[in-house]
Each structure stands twice: as structure tokens, then as C-alpha cells.
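Report on the following structure.
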Amino acid sequence: MNKYFVSILALVAVPLLLPAQEDIRVDRVDFNSLRDDWIQMEIELSCEGNSAEEARDKDYVEKIKVKAYLGYIREASVRSFDYYTSEIEILIMEKGDDNNVYFYLPGLIVDRDQLKTDPDFYYVEVSVNGGTQKPQKAAMSSNIPNLDILNSFISKADSEGADNEHVLMPYYLVSGIDLGRISQLPAILRREVRD
């Protein structure tokens, strides 16, 4: 009887260990150096469909927020960092859609802070209808091996990044420079920076 119970428990527990299917998947994060030292962050997303019970249509996902967190080591000896964050809201994606969103760091900031193209730490947080999705491996740098380090990174970026607020810009706020290669843009809700 005991062996039977353990077998049933194991069968029930296995699906709980498998990663849940997320509505929006982060497929890749890439950093590119542009003219005049600007840095482009490219985030590739794909839509898996709407898993919400109350979804208007299971083939469409709406109100998608994509928040980028970057961390660059300022002084290694004291483990101090410069943090940059920004967010884009996608209005809607259809199941099977592949879209890209882009963020930019200005060249003068890159020069001033002596930033390399790839940050020491990064994370892309995706929220759908106000609910944050589970962290995805492709959405974070290899320097973030577990949830404790990820949560610490997000907390520090939120609390210590005020000096660099609005410095990392979504592509629609950037003008006067060559944006580099951009493609497959989703329909977005454009938000201006307000003080």
C-alpha cells in the first residue's frame, strides 16, 4: 500500500516540476554596439497563446509589459553597480507571432561610465494583464544562476537605479541616431517620460 501511494505521489509531483508554459516567451536577448557608442538591446519574443480562463480569445495576448534590467559593474573591489531599467507595453500579440522590442543606452552615457556592450547582469521581466510571468532562462544573463540572485538583482536595480532613471530608452523615444537593425515591431502603447 505504501509503495502504491509513493508511486501515485510521484506521478502527481512530476508535472509540478516541469516549467509552466508562458503566454509570452523570451527567445533571445542580444546587445549591439552602434555608431557614436550607443548600445542597442534587442529582445526577441514569441506568443504561445492566451492561457487565462477569462481570455476573450485564446489566440490573442494583450497588455504585455516587457521590462529590461541592466547592471554594469562600476567598481569591482566594492561590488558597486550602475543600474538601468526601462519598460515597453505591447498592446497585443497573436499566437505564433514573433516580435522584437528594443532599448537604447546613449553613447555619451556609455563613454562617461565606460560601459562595455554586454552588461555584467541583465534580466527581461514579462508581465501579462498585470501578472508577472515566471523567470525564463533565455531572459537573463548567465551570471544569474538562481532565483535568490535574480530577486536581489531586481531589488537593487529598482532601489539603486534612480540616478539612471529614463537613461535606458525604448526605441520610440530615441531620435537623431541610426537605430541599427530593427525588425518585427509589435503594436505598442507609446508612453512619454513624465516627471
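Residues in the sequence shown are numbered consecutively from 431, following our numbering. The beta-carbon is built from N, C-alpha and C at its ideal position, and this holds for glycine as well.
Quiz item: When the Cβ atoms of the stretch 547-556 are set against those of the stretch 457-476, are three or more pairs found closer than 8 Å?
Solution: With the cut-off at 8 Å, the stretch 547-556 and the stretch 457-476 touch.
Quiz prompt | Where K567 falls: helix, strand or coil (DSSP) | solution = Three-state DSSP puts K567 in a helix.
Quiz item: How about I518 and I454: are their beta carbons less than 8 Å apart?
Solution: no
Self-check item: Neighbour-count burial assignment, L577, 16 or more Cβ in a 10 Å radius
Solution: exposed
Quiz item: Excluding the five sequence neighbours on either side, which residues of its own chain have a C-beta within less than 6 Å of the C-beta of E602, listed in chain order?
Solution: For the record, residue 602 in the displayed sequence is Tyr; it is not Glu. Excluding sequence neighbours, Y602 sits near R620.
Quiz item: Quick one: what does DSSP say A485 is sitting in, helix, strand or coil?
Solution: coil
Quiz item: For Y514 versus I612, is the C-beta spacing smaller than 8 Å?
Solution: The answer is no: Cβ separation not under 8 Å.
Quiz item: For K495, does the three-state DSSP call read helix, strand or coil?
Solution: strand
Quiz prompt | Secondary structure of I579, DSSP reduced to three states | solution = helix
Quiz item: Nearest CA to the CA of A498: which residue from P549, S510, G526?
Solution: P549
Quiz item: Just how far apart, CA to CA, sit V604 and Y534?
Solution: 8 Å
Quiz item: Mind checking whether D528 and S476 have CB atoms under 8 Å apart?
Solution: yes
Self-check item: Presumed contact (8 Å Cβ cut-off) between A617 and I522, rounded CB distance
Solution: About 6 Å separates the beta carbons of A617 and I522, which is inside the 8 Å limit, making them a contact pair.
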